[in-house]
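Heads up: the sequence shown begins at 1 in the numbering used here, then just goes up one per residue.
What follows is one structure encoded as structure tokens, with my remarks underneath.
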Amino acid sequence: MGKSFDIGLERLTGIGVPGDGQPQEGGVKPPLQDGDGAVSASLEEKTRTLKGAGCGTHTSEGATFYLETFGCQMNDHDSEKVAGVLLARGYRQVDGPEAAKVILYNTCSIREKAAQKVFSRLGELRPVEATELRWIEESKLGLGKSANLEIGVPRAEDAEQRSGGVRTRRLQSAGKIIGVLGCVAQQEGEGIFERAPWVSLVCGSASYRKLPQLIAELEAGNRRVTGLDTDTDETFETEITRRDNPFRAYLTIIEGCDKACSYCVVPFTRGPERSRASASILEEVRQLAEAGYSEVQLLGQTVNSYADPSARKMRFSELLAAVAEVRGIRRVRFTTSHPRDFGKDIVEAIDAHPTICDQVHLPVQSGSTAVLRAMARTYTREEYLEKIALLKAARRPISISTDVIVGFPGETEKDFEETLSLLDEVQYDNVFAFKYSPRPNTPSLKMADAIPEEEKGRRLAILMDRQREIQRVRNEKLVGEMFEVLVDGKSRRENPSGVRASQWSGHTSSNRVVNFTSPEQELLGDYVQVKVTKAMPHSLVGEMVGRG
Ligand code: SAM
Ligand code: SF4
């Protein structure tokens, strides 16, 4: 996976994958790890350390699984937990579906494109039918046109064309367990078996606790299993999370969502809000610190709506403070915050604890109160700006990012202008902008005055240009400043200056990406001081001046 150097249009850079983390056209998904060998080495180390109890249940020794994740950081983290469950059963993870006994897709349905991707993956795994096998084999043997004509199946050249690059995958999928997890699973349910009968497991994220049982049923010979309940008060806690990112550990503290934004599938696909007990969260943070993690990120669709189910009844801001005080933890992040539940106490916790990062992701969606009302966002433009004022009044500068949807049904040119003026007013450091995508079951699906795709695209491009310029100007002002950077990437590229120095990259507390050079041989996972020498809209360039 690549590093966050300057990237494409819709997805402005930043590792903190606010929102759903789904890359848009021309963008890349922010990295969770560097592809560099040295990073993989430390990943391997941490992975081993964090495999916890429960690993003793080796019921499938030798079996292999392939797990591909679509969507947001929460999905990435769910996949870490799913991988942990399978590893504990004795499975081994492999890099491609060809070598896997179990193939799992952890899916996202937040926008139509994300959902489509999964069905195209499933299409690649469709088992080859007998007649099809015959013409593929014949075409391989060079029997050609006449042979195919005789048996009444497509000509050899068609066979080659149709089988093309996907033939190998399709041929090898027979006899494998294929599963769909996550939001598409929840949304489509058993309908997936109809669309892709070769799928044997369909499980939504609210039922992941059942996964070990479902997998055991498949291993015992059951043909099809499902986990589709959303009316559960459980959270998917597991001590056997297999963490992919060696520098930043993710922890879900609240699952599901009780808000009812009129465009959003999350309340349907992830179920109602369920918070995890504060003691359990703090225990995991302590374990992570002992395992060597210094940065943790608390996750939730509306992380700040956290409601401690235990007798302790910790508020979100109290939990933040308690996590920040865990020995060994140097950075605490949290995403995504809902404006309605964002209060002064959170800013006070940031002020009081330097270990809580100076970064807040506060999705606005639109700068127009009329559109916000149609979206059922539960706040007006003015109320949102009051939250921003709280952040701007903090004792240290806090980097603010947001999500915006353009082209919501009925969004007028004037509404759109109000969103642009909000960007000017707030001066975000990062914006994740999306074209409105109509989703099944959502109230906005039936709303009048749909905006044509072309117009959505036009608005998106204008918004991205405006924000790029804001970021360019803001970042320019940082030239000459010093930042503490947690180094999480080493570039394979040669240092262009010809000096024997490596190129490194990392993140500041404000989640800015900084690329810098240093003659040091090993810096991954270290905190260093970097002086900014150059600024770009989506990243900074600097030189290391000392250790952190
Ligand atoms: N819970 C977070 C909040 O309230 O802001 C956001 C979580 S949502 C999974 C991530 C982002 O996806 C949203 O902030 C929104 O901008 C975008 N999104 C959600 N539904 C969408 C839709 N139907 N079309 C386009 N973008 C959508
Ligand atoms: Fe979706 Fe709204 Fe819930 Fe965010 S708060 S997950 S946008 S319903």
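Yeah, the Cβ is synthetic: ideal placement off N, Cα and C, and Gly gets one too.
At least one heavy atom of the ligand SAM is found less than 7 Å from the C-beta of residue 405. Shortest Cα-Cα distance from residue 474 to any of 449, 428, 486 involves 428. Note that the region 350–369 touches the region 509–517; at least 3 beta-carbon pairs, one per stretch, sit closer than 8 Å.
In the structure shown, residue 457 falls within a helical segment according to DSSP collapsed to helix, strand and coil. Relative to the ligand SAM, residue 532 has its C-beta separated by 7 Å or more from all heavy atoms.
The beta carbon of residue 323 lies closer than 8 Å to those of 281, 282, 285, 296, 298, 329, 332 in the same chain, with the five residues before and after it left out.
With a threshold of 16 other beta carbon atoms within 10 Å, residue 472 falls short and is exposed. Checking the DSSP bridge columns, you'll see residue 248 partnered with 295. At the C-beta level, residue 420 and residue 381 stay beyond 8 Å of one another. For residue 93, the shortest separation between its Cβ and any heavy atom of the ligand SF4 does not lie below 7 Å. Residue ranges of uninterrupted beta strand (DSSP E) with 3 or more members, entirely inside the region 356–398 and ordered along the chain, are 359–361. Ranked by Cα distance from residue 306, the options 124, 264, 256 are led by 256. In its chain, beyond the 5 residues on either side, 409, 410 have a beta carbon closer than 8 Å to the beta carbon of residue 448.
The secondary-structure analysis by DSSP pairs residue 203 across a beta bridge with 181, 227.
For residue 352, the uninterrupted alpha helix (DSSP H) run begins and ends at 344–352, by DSSP. Two segments are said to touch when three or more pairs of C-beta atoms, one from each, lie closer than 8 Å; by this definition the region 64–75 touches the region 92–100.
The C-alpha of residue 390 lies about 12 Å from the C-alpha of residue 349. With respect to the C-alpha of residue 413, the residue from 115, 502, 463 having the closest C-alpha is 463.
At the C-beta level, residue 406 and residue 416 come within 8 Å of one another. Cβ-Cβ distances below 6 Å link residue 326 to 285, 286, 289 in the same chain, with the five nearest sequence neighbours on each side left out; the list follows chain order.
Only residues of its own chain outside the window of five on either side were considered, and among them 504, 506, 523, 524, 525, 526, 528 have a CB closer than 7 Å to the CB of residue 487, listed in chain order. When the beta-carbon positions are compared, residue 364 and residue 336 stay at least 8 Å from each other.
For residue 77, no beta strand (DSSP E) segment is defined; the enclosing uninterrupted segment is the alpha helix (DSSP H) at 73–88. In this structure residue 445 is exposed. Its beta-carbon is surrounded by fewer than 16 other beta-carbon atoms within 10 angstroms. In this structure, the beta-carbon distance from residue 210 to residue 100 does not fall below 8 Å.
For residue 110, the Cβ falls inside the 7 Å cut-off from some heavy atom of the ligand SAM. Residue 432 sits close to residue 403, with the two beta carbons spaced by under 8 Å.
For residue 318, the enclosing alpha helix (DSSP H) has its first and last residue at 316–324. Pairing residue 277 with residue 292, the inter-Cα distance amounts to about 23 Å. In this structure, the ligand SF4 has no non-hydrogen atom nearer than 7 Å to the beta-carbon of residue 501.
Distances taken from the Cβ of residue 427 to the heavy atoms of the ligand SAM include none shorter than 7 Å. With respect to the 8 Å criterion, residue 312 and residue 260 are not classified as neighbours on the basis of their beta carbons.
At the C-beta level, residue 202 and residue 105 stay beyond 8 Å of one another. Straight across, the Cα-Cα distance linking residue 220 with residue 75 is about 28 Å. Closest in alpha carbon position to residue 197, among 541, 126, 77, 102, is 126. Residue 374 and residue 309 have their C-alpha atoms roughly 32 Å apart.
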